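What follows is a short report on a single structure.
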Amino acid sequence: MNFKLQKIVPQLITVLAVVLVFGFFSYNAQVNMENRGIDFGYGFLSQESSFDVQFSLIEYDGSHSYFRAYLVGLLNTILVSVIGIIIATILGIIVGVARLSPNYLINKFAAFYVEFFRNIPLLLQIFFWYFAALRALPLPQDADAMFGVFFLTIKGLYVPAFVWENFNVFFYSIVAAIIAIVVIRIHARKVQETQGKQLPVLWISLGLIFILPLLSFLIGGVSLSFEIPKLKQLAATSYKYEGGLNLPPELIALTLSLALYTATFIAECVRAGIQGVGKGQKEAAASIGLNPNQVLKLVVMPQALRIIIPPTTNQYLNLTKNSSLAAAIAYPDLVLVFAGTALMQTGKAIEIVSITMLTYLSLSISISILMNWYNKKIAIKEK
Amino acid sequence: MSKINFLRPDKDNLNTFLYLGSLLFSISVLDVFLNSFFNVNITGFLPTLLSFVIPLVIGFIGLHFIRIEHSGYKFLDSLNKNINTNSFNAVLSLLIIFVIIKATPPILSWFFVDASFAGDSKDVCSGSGACWTYIKVWFNRFMYGMYPNAEQWRINLSFISLALLGSVGYFATEKFKKYLTLYYVVIYPFIAFLFIFFFISGGPVFFDFSYGIIAAVISIILGFFIPSRFKFYYFLIVPITLYIVLKYFVFYEELIELGKLDGLNWVETGAWGGLSLTFIISFFCLIFCFPIGMAFALGRRSELPLIRYISVGFIEFWRGVPLITVLFMSAVMFPMFLPEDFFIDKLVRAIIAISLFEAAYVAEVIRGGLQALPRGQYEAAKSLGMGYWKMHIFVILPQALKLVIPGIANTFLALVKDTPLIFVVGLLEIVGMLNLAKTNPEWLGFAMEGYVFAAIIFWIICYAMSKYSYNLEQKYKTER
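In order, the protein sequence lines correspond to chains A and B.
Under the working numbering, the first residue of the first sequence is numbered 134, with each subsequent residue one higher.
Under the working numbering, the first residue of the second sequence is numbered 215, with each subsequent residue one higher.
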């Protein structure tokens, strides 16, 4: 009896406290909103937003709804995160491997990079790139072309745009190549398990991924041309580039700083992962006659990845969340467009902040569910 | 002397290879050195591309010649082992050496040679180097924000005395060592709070929470005399009752002005700023987030389902959202949740928001430590007849916390690095002050100097913290 009570009373008290706090908050919110004449509801999402966004991936202007503004912000956040994750991963792997190099100079260089960039606040790095480094770039009319087609100016990076014809045929050919590769891999594994033969999977895959898209050019009527940005004079001292794609300086500064900052953490994860594989494993693999490539591919990497992937996914999540710092340099991401401009215009603080938080929350919870599933799949199965 | 094969340096012709190799290597380094420091190009007579690549080629051949295993020279062997193991490593080493040589002169000239230090106006900064005059003129603002110049001694004095009080641990004798935890966990934060509230902000002594402090102190003292069976319920009821009694029946509103420290002006938190605000926020968030995080870590490991679910919900919620939206919430949404006449200072709101946010991360780190402990520790403690709290305080937590020192240090580092985000609620610590100074029409165009200055400061703070945590980890490492 007493034992049971000991378990129930603390739970009851905790729940009571939580309910009280939430009740207190929602009661106050109700009273406050009544006093100020604000009504609660998500109907504003379909209203006309009447503000413009500088940079958007989908068609958008002031006549679209608030919901579309939300989508614009969300897509911009995803764009920055994806580019940042790709660069950070490549850089992180290089630096992480370099930190394990027997070469003293490379080792110290990588260590210096990690210690330098991880100990400076991300916001400061973003400000540095945006307000100090990128502001020192030339004006559009003074910019030199890189490889003849890229123009790095104070107004951003101008790159050639791809002009496709029959793009969908090209896309299908790539999808077909990927499916074929997967099928071949499964088949190769079966062959190895039943007959002990090894098929040259890598070469076949490489061949497929080149040949199928090439065929789509030759037979499928796909053609690709580049639209190179051209300098155009607007007024006596005002120039701009026409054509091509413009990556605004906000985007460049944000992705650059996010990638440089997160790469330090990924590098540490990679280093820890590779170091975490015992020396005995490599020696044992070598002693049963595997060559160095096979040791790396079949013994070291599967074990290292088990250590590397969970913390690295965490870093990807961090990068995505940190991309919200975009608001500080006016890159139109979710926080700036929705929790900033839209909030100022509608005054619907509770609704908008809750939507913004829920978006990030569902993003990170879905990734962590995925990660848990993966973790369970690759975990060592103990008997 | 046998025949020399230049493709395969060997030990027989050691001296030939050694002299030739080091000569070529020195030439390549000298070429880059002259080129970057004195702007002399000794291979200038060659075509541009060739004269650009030639130091690399010469250096590579040189390193190839001196790559001789077991040469007998200690220096040569260690050099080969460290930077010259194979051709690929040799190229990378050369490239890094060249980059360092190339980067030194511009960095030196920007930082020191061409930089201006003297004077106190923008006019002295005409050179191509950094304008440290800008930092000098604005130094006060970067350190103290908008805090009135005449009152800044209050901040200095508080920080110095707090630093002295904080270093007590180093001088404590064996006899007092056991009280140190109590001192650092309870008394020191309390003193720090008093200093900051009464001294830096100049607040009145008999302010609202003073009743709370008095109630807490009285109930803790009385708590020693309560039998342990009733302690839980005692601490649940008595402090709050005491607080209400004190607030509404003993002291009166007129007393608020009474205790104000004489001659200290009230400086509202909006005027605080600069590096001192960074320290204040980091300090308080650090103090608050640790116990909250510990509580939720224990809650997540609890056997009671409701407590566990609430803890999981709390932790996952804060870990799932970016700090900037949390601060947005504390700025625009939180006031809606409070009674209309109830006002919480924005600094306090920011501290609460950051503390709750970081507490979730601390909780996950501590949970890692709790999970890493072998089950035998729990079972041994239970078999000695220890209850839940006794077991955790004396057996589990000391070991678990030792295990997670690096993780906690990383979280604290993240906290310090997150403080600049408080610009969202309108507070300007050092990065915010930089952005303000940058837009001053008299001092346009010195963004670089400001950010470099702040970066150096943050780097020193964070690097020192990580090194300290490393030392701590080594000190408390126990062999298992």
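Yeah, the Cβ is synthetic: ideal placement off N, Cα and C, and Gly gets one too.
Computed from a predicted model, the values in this text were never measured in an experiment.
Alpha carbon of residue i to alpha carbon of residue j, nearest angstrom
i	j	result
L648 of chain B	W336 of chain A	55 Å
T230 of chain B	D245 of chain B	23 Å
L378 of chain B	Q258 of chain A	33 Å
W506 of chain A	I498 of chain A	12 Å
V351 of chain B	F497 of chain B	28 Å
Q331 of chain A	A419 of chain A	19 Å
K241 of chain A	E248 of chain A	10 Å
K323 of chain A	S338 of chain A	17 Å
K516 of chain A	K510 of chain A	Only weak support exists for where K516 of chain A lies, its pLDDT of 48 falling under 50; the value from the coordinates is given anyway. Taking the straight line joining both Cα atoms gives about 15 Å.
R281 of chain B	L309 of chain B	18 Å
V296 of chain A	V355 of chain A	11 Å
Y361 of chain B	N654 of chain B	18 Å
P588 of chain B	I454 of chain B	39 Å
V638 of chain B	L496 of chain A	23 Å
T286 of chain A	Y374 of chain A	10 Å
I275 of chain B	L234 of chain B	9 Å
P261 of chain B	F279 of chain B	26 Å
F252 of chain B	W346 of chain B	26 Å
L256 of chain A	Y464 of chain A	13 Å
G513 of chain B	N685 of chain B	30 Å
G359 of chain B	L642 of chain B	7 Å
T116 of chain A	A594 of chain B	For chain A, the structure presents residues 134 to 516; residue 116 of chain A sits outside this window and is missing.
I386 of chain B	F155 of chain A	One detail in the question is off: residue 386 of chain B reads as Ala in this sequence, not Ile. Near 45 Å, if we compare the C-alpha coordinates of F155 of chain A and A386 of chain B.
C-beta contact flag for residue i and residue j at 8 Å
i	j	result
L617 of chain B	G646 of chain B	no
K566 of chain B	S544 of chain B	At residue 566 of chain B the sequence reads Ile, which differs from the Lys that was named. In this structure, S544 of chain B lies closer than 8 Å to I566 of chain B by Cβ.
A386 of chain A	L267 of chain A	yes
A623 of chain B	I580 of chain B	no
I314 of chain B	S490 of chain B	no
P254 of chain A	F672 of chain B	yes
V609 of chain B	Q591 of chain B	yes
I434 of chain B	S372 of chain B	no
G488 of chain B	I644 of chain B	yes
A369 of chain A	L341 of chain A	no
E572 of chain B	T492 of chain B	no
P293 of chain A	G377 of chain A	yes
Exposure label - residue i; buried when at least 16 CB within 10 Å
i	result
H320 of chain A	exposed
L475 of chain B	Residue placement at L475 of chain B is flagged as unreliable, the pLDDT there being 48, under the threshold of 50; a coordinate-derived value is accordingly withheld.
D199 of chain B	This structure cannot settle anything about residue 199 of chain B, because the visible part of chain B is limited to 215 through 694.
R222 of chain B	exposed
K532 of chain A	This structure leaves residue 532 of chain A out entirely; chain A is present only between 134 and 516.
K652 of chain B	buried
G640 of chain B	exposed
A231 of chain A	buried
M215 of chain B	In this predicted model, M215 of chain B has a pLDDT of only 47, less than 50, meaning its place in the structure is not dependable enough to derive any value.
I218 of chain A	buried
A364 of chain B	exposed
V205 of chain A	buried
T453 of chain A	buried
A429 of chain B	buried
beta-carbon residue i near the ligand ZN non-hydrogen atom, thresh 7 Å
i	result
G156 of chain A	You won't find the ligand ZN in this model; it holds no ligand whatsoever.
request  = Counting only runs of 4+ residues fully inside the stretch 434–490 of chain A, write out the alpha helix (DSSP H) ranges in chain order.
outcome  = Fully enclosed alpha helix (DSSP H) runs of 4 or longer: 434–455 and 476–479.
inquiry  = Does the stretch 392–401 of chain A come into contact with the stretch 208–225 of chain A, if we say contact requires no fewer than three beta-carbon pairs (one atom in each stretch) closer than 8 Å?
reply    = When Cβ pairs closer than 8 Å are counted between the two stretches, the stretch 392–401 of chain A is seen to touch the stretch 208–225 of chain A, the count reaching three or more.
request  = Answer yes if the stretch 419–432 of chain A comes into contact with the stretch 341–356 of chain A, meaning at least three C-beta pairs across the two stretches below 8 Å, and no otherwise.
outcome  = No, the stretch 341–356 of chain A is not in contact with the stretch 419–432 of chain A.
ask   = Within the chosen definition, does the stretch 254–267 of chain B reach the stretch 334–349 of chain B through at least 3 CB pairs nearer than 8 Å?
value = Taking one beta carbon from each stretch, the stretch 254–267 of chain B and the stretch 334–349 of chain B have fewer than 3 pairs nearer than 8 Å; the two do not touch.
ask   = Is there contact here, the stretch 201–211 of chain A with the stretch 456–472 of chain A, by at least three beta-carbon pairs under 8 Å?
value = Because the criterion of three Cβ pairs below 8 Å is met, the stretch 201–211 of chain A and the stretch 456–472 of chain A touch.
Three CB pairs or more closer than 8 Å across the stretch 359–375 of chain A and the stretch 297–308 of chain A = In short, these stretches do not touch, since the Cβ pair count stays below three.
request  = Scan the stretch 537–607 of chain B and note each continuous alpha helix (DSSP H) run of 4 residues or more that stays entirely inside, going in chain order.
outcome  = Runs of the alpha helix (DSSP H) inside the stretch 537–607 of chain B: 537–542, 560–586, 589–597 and 602–605.
request  = May I ask you to verify whether the stretch 597–606 of chain B touches the stretch 548–566 of chain B, counting CB pairs closer than 8 Å and requiring at least 3?
outcome  = No, the stretch 597–606 of chain B does not touch the stretch 548–566 of chain B.
task = Would you be able to state if there are at least three C-beta pairs under 8 Å between the stretch 532–539 of chain B and the stretch 161–177 of chain A?
result = Touching, no.
ask   = On the three-pair Cβ rule with 8 Å, is the stretch 391–403 of chain B touching the stretch 523–532 of chain B?
value = No: fewer than three Cβ pairs fall under 8 Å.
task = Would you be able to state if there are at least three C-beta pairs under 8 Å between the stretch 498–517 of chain B and the stretch 568–577 of chain B?
result = Yes: the two stretches touch, three or more of their Cβ pairs being nearer than 8 Å.
ask   = Are three or more beta carbon pairs between the stretch 431–445 of chain A and the stretch 398–406 of chain A nearer than 8 Å?
value = Short answer: they touch.
task = Return the chain-ordered ranges of every alpha helix (DSSP H) run that is complete within the stretch 299–371 of chain B and spans a minimum of 4 residues.
result = Taken in chain order, the complete alpha helix (DSSP H) segments of 4 or more residues contained in the stretch 299–371 of chain B are 301–322 and 346–358.
key: Continuous alpha helix (DSSP H) assignments of at least 4 residues falling wholly in the stretch 331–409 of chain A   = Listed in chain order, they are 334–351 and 382–409.
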